[in-house]
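Chemist: Submitted below is the structure of interest, expressed as structure tokens.
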């Protein structure tokens with residue numbers, strides 16, 4: 001129904017003389033871009049191999065380019081996978097579907113783990129919504145449904161995209177990056193330490209929540225971490241390993257989790273080391289000592305100690321809680337940044353909410369002005385209070401300059417509507433179309449005409465959602 | 001110009017059948033309430049003793065009730081004070097002005113401290129904007145100008161309002177509390193420990209930033225801490241003590257700050273203890289041991305240790321950095337909450353930003369429909385493309401049911417406008433007013449008519465802020 005990119009984005013720019021009323025350009029473009037990506041649809045006239053519907057989801061749209069070899073297996077999951085956005089027919093919301101190709105679910109004892117994941121709501125985890133098996137793709141597939149984060153990319157594609165490793169998140173060909181992109185590396189080509197700590201804090205927070213429930217992430221990897229905006233992370237693909245690699249030999253599905261939690265912490269160490277070296281090559285065993293030397297030379301002892309704690313001494317039990325003291329006062333920085341982001345957003349929201357009010361107001365005028373007849377009165381919209389409102393409508397929208405040329409001024413419309421809404425005593429001069437009569441009324445009087453006319457309509461009719 | 005409470009708030013409620021388009025009620029009401037409080041003006045016909053203008057500020061509006069005794073001095077500052085909001089004539093923004101009555105500034109050596117405060121931008125500090133002396137009140141006064149936070153109250157009024165201590169923040173008589181008010185105390189009448197830690201983290205973050213610059217707060221007190229929403233704090237009135245109690249005996253104005261920083265930490269201890277006992281009485285020397293016993297019985301050892309660290313052993317130098325390990329993993333909770341708040345706000349913003357788009361769209365229709373004449377063509381708005389748009393306007397706004405009764409449906413208007421904006425191929429049946437002819441057009445065709453008509457106006461006229 002919608003074209004893939006709404007046209008109002010393509011040529012959007014803020015006029016210099018607009019009042020401080022609409023949102024700051026950057027946030028607005030980001031939001032509209034996310035909206036556009038959420039709304040994007042395949043042209044059905046093109047031949048695609050995607051089914052029209054899978055379980056309760058329709059309007060499938062691929063989020064990754066097709067693999068060169070359709071049998072190519074995910075390094076992490078050991079099966080071919082693919083990723084789509086799709087609309088749930090029940091709630092109309094867009095979700096991200098990750099399909100595991102050719103997987104037949106035989107053992108449902110893992111399902112209690114899935115139920116635990118579905119209850120996990122955390123700002124640094126992509127929430128798992130549901131899991132279903134399907135033959136809609138022509139094979140046995142299992143599909144994991146997650147919240148959709150438009151305009152995300154993976155930590156892999158953001159920071160390690162020159163590496164030959166496969167990109168299994170939502171990758172860039174289908175996502176326009178509007179977020180300022182990769183931060184500029186410092187002069188030495190390395191990432192700023194503050195950025196690495198931002199990531200450490202977020203990943204630690206997510207792992208802490210996961211481990212506290214008794215679960216483990218099991219697939220912590222740069223390709224399975226989404227990043228959006230400048231530095232916001234979410235752990236992706238939770239629950240998949242719990243199904244695909246379920247070990248039936250244990251009675252309790254949580255029995256092996258402490259082991260996997262240790263693996264999560266080791267994986268966290270690898271990610272931090274790769275970020276500090278700005279290369280996933282650093283993780284190869286023969287490069288490890290060189291990588292640690294690089295960290296020592298360029299970063300604080302805290303960062304090196306964190307990496308050593310997570311990567312060395314494999315037999316020592318680790319806990320995510322031990323990471324906290326190494327983060328130390330950097331928590332304050334993260335918290336301050338998160339609070340400031342909230343304040344900026346609230347400020348923008350305060351500006352935008354006014355638009356909703358003006359929009360409703362102008363719709364009410366629309367319901368009154370030029371209404372053909374009302375209660376068998378053909379001239380209702382031309383007489384009495386409505387005549388004032390008709391002349392005010394002309395004043396609002398049909399301003400001309402001294403040569404009769406249209407004068408289109410958004411600020412004029414906003415100001416006038418605000419004055420009517422506030423019912424101020426200020427006077428306005430309205431002129432009849434034949435220029436033979438002039439009426440001087442206050443905005444308060446226009447407001448009274450407006451309210452009495454609209455309530456006439458309201459009381460007679462079926463109001464739906466005007467308030 | 002505006003009445004004190006805009007009427008659109010008074011009777012606002014969300015209709016059940018409105019699409020998920022406008023903001024969640026609660027945030028919206030909070031924002032509109034803050035807007036209303038920012039806009040509130042005194043009725044100039046009432047006799048007030050406020051000057052019409054003070055320095056660059058006008059539209060003064062008191063934020064505190066007048067004191068019973070006009071000579072009553074602030075416990076903290078030692079002078080009578082009063083507090084107003086006012087509009088800066090240069091930038092049109094509303095600020096909070098705190099006037100110190102009867103203070104004559106003789107020594108300007110404290111001004112470097114004021115400059116440092118003006119540069120302090122922190123999410124838990126009310127920013128000082130400027131300081132000026134004035135005779136506009138008929139005496140020598142000094143005025144401290146801060147950012148204005150409408151609908152704030154003080155920590156004192158939120159939690160200790162049954163106490164006889166004076167309330168020197170923005171107090172409730174002039175502020176409608178829309179924020180859910182005081183959290184329910186736990187069963188034993190005490191505040192939940194998590195709330196106290198929320199406060200500790202924020203105050204620590206602010207003190208850490210202040211102390212890091214070499215400054216000290218010097219007036220940390222429940223009456224000088226603003227709270228808004230459920231638990232967001234900002235330290236208020238910074239810089240006042242630095243001017244009022246400036247000690248000229250030291251060459252360097254920062255020389256005594258380490259001493260005042262120690263006092264800040266002691267003041268923080270007092271605040272935490274009072275919160276934990278839910279009473280400022282606990283701070284009286286003879287009650288101290290009882291108060292500490294109460295904390296031991298009801299709260300974690302961490303909270304008691306924090307209080308002991310801050311309040312006992314007066315000769316041991318303390319540092320705000322030592323507070324951090326006692327906060328420990330509670331940082332994660334605070335950070336998660338701040339991130340979630342940002343996500344909710346961004347989500348609401350994404351919904352609201354659509355209103356701005358629809359508002360602009362409908363204003364463009366307004367500029368076309370019923371325009372009296374254009375380029376000497378009296379019938380411009382009635383002919384050609386515009387005739388389609390006229391009939392579409394009727395379809396949009398003037399729906400009636402089978403009895404001819406008005407059918408006012410906001411969702412209908414929004415849907416139709418979205419379809420025009422997207423230019424979808426879906427068809428719509430438009431009927432002439434005499435019901436003699438019926439035109440079936442697609443929304444795409446309406447969009448084409450709309451764009452060509454509007455660009456005719458644009459090209460001839462003076463567009464201001466349409467985009």
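Residue numbers (UniProt numbering), protein chains in the order written: chain U, 1 to 467; chain V, 1 to 467. Quick reminder that beta carbons are idealized off the backbone N, C-alpha and C, glycines included.
1) Quick check on residue 72/U: buried or exposed, where buried means 16 or more other Cβ atoms within 10 Å of its Cβ?
2) Just to confirm, is the Cβ distance from residue 317/V to residue 262/V under 8 Å?
3) Would DSSP call residue 243/V helix, strand or coil?
4) Take the Cβ of residue 377/U as the centre, count every other Cβ of all protein chains shown within 10 Å, and call the residue buried at 16 or more, exposed below.
5) Which full runs of the beta strand (DSSP E) of 3+ residues lie inside the stretch 93-155 of chain V, going along the chain?
6) Please name the residue in 396/V, 419/V and 418/V whose C-alpha comes closest to that of residue 408/V.
7) Quick check on this structure: which residue in 101/U, 126/U and 79/U has the alpha carbon closest to the alpha carbon of residue 95/U?
8) Just to confirm before moving on: does the CB-CB distance between residue 302/V and residue 328/V stay below 8 Å?
9) Evaluate residue 57/V with the Cβ neighbour count: other Cβ atoms within 10 Å of its Cβ, from every protein chain shown; 16 or more gives buried, anything less gives exposed.
10) Output needed in chain order: residues of the stretch 426-460 of chain V with a Cβ under 8 Å from some Cβ in chain U.
11) Which residues in chain V have a C-beta closer than 7 Å to the C-beta of residue 321/U? List them in chain order.
12) Is it right to say residue 135/V is buried, meaning 16 or more other beta carbons lie within 10 angstroms of its own, or is it exposed?
13) Just checking: is the beta-carbon of residue 349/V within a distance shorter than 8 Å of some beta-carbon in chain U?
14) When we look at the beta-carbon of residue 286/V and count the other beta-carbons within 10 Å, is it buried (16 or more) or exposed?
15) By the 10 Å Cβ neighbour count, where 16 or more other Cβ atoms means buried, how is residue 297/V classified, buried or exposed?
16) To the nearest angstrom, report how far apart residue 22/U and residue 356/U are at their CA atoms.
17) Tell me which residues share the same chain as residue 436/U and place their Cβ nearer than 8 Å to its Cβ, disregarding the 5 neighbours each side in the sequence.
18) Whether or not the stretch 203-215 of chain V and the stretch 340-349 of chain U are in contact is what I'm after, with contact meaning three or more pairs of Cβ atoms, one per stretch, closer than 8 Å; do they touch?
19) Output the boundary residues of the alpha helix (DSSP H) element that contains residue 452/V.
20) Compare the C-beta of residue 392/U with all C-beta atoms of chain V and state if any pair is closer than 8 Å.
21) Can a CB atom of chain U be found closer than 8 Å to the CB of residue 264/V?
22) Can a CB atom of chain V be found closer than 8 Å to the CB of residue 355/U?
23) Is residue 98/V close to chain U, meaning its C-beta is less than 8 Å from at least one C-beta of that chain?
24) Run down chain V in chain order and give the residues with a C-beta less than 7 Å from the C-beta of residue 397/U.
25) On the premise that residue 27/V lies in contact with residue 348/V, defined as a C-beta separation below 8 Å, what is that separation, rounded to the nearest angstrom?
26) Buried or exposed: which applies to residue 551/U, given that a residue is buried once 16 or more other Cβ atoms fall within 10 Å of its Cβ?
27) I'd like to confirm the pairing. Which residues does DSSP put opposite residue 57/U in its beta bridges?
28) Using only the alpha-carbon positions, how far apart do residue 265/V and residue 284/V sit?
29) Runs of 3 residues minimum, wholly inside the stretch 207-275 of chain U: which ones carry the beta strand (DSSP E) assignment?
30) Nearest chain V C-beta to residue 239/U closer than 8 Å, yes or no?
31) How many angstroms separate the CA atom of residue 358/V from the CA atom of residue 245/V?
32) Consult DSSP for residue 424/V and reduce its assignment to one of helix, strand or coil.
33) Going along the chain, which unbroken runs of the alpha helix (DSSP H) with 4 or more residues stay wholly within the stretch 335-383 of chain V?
34) Going by C-alpha distance, which of 450/V, 405/V and 248/V is nearest residue 420/V?
35) With distances taken from CA atoms, which of 189/V, 299/V, 213/V and 218/V is nearest residue 115/V?
Modeler: By the coordinates alone:
1) exposed
2) yes
3) helix
4) exposed
5) 94-100, 128-134 and 141-147
6) 396/V
7) 126/U
8) yes
9) buried
10) 426, 433, 457, 458 and 460
11) 329
12) exposed
13) yes
14) exposed
15) exposed
16) Summary for residue 22/U: the model assigns pLDDT 44, below 50, so the residue's position carries little reliability; its value from the coordinates is reported in the next sentence. Using only the alpha carbons, I get a separation of about 11 Å.
17) none
18) no
19) 443-460
20) no
21) no
22) yes
23) no
24) 366 and 367
25) 6 Å
26) Lying outside 1 to 467, the shown extent of chain U, residue 551/U is not represented and no answer is given.
27) 54/U and 88/U
28) 17 Å
29) 225-228 and 232-235
30) no
31) 55 Å
32) coil
33) none
34) 450/V
35) 213/V
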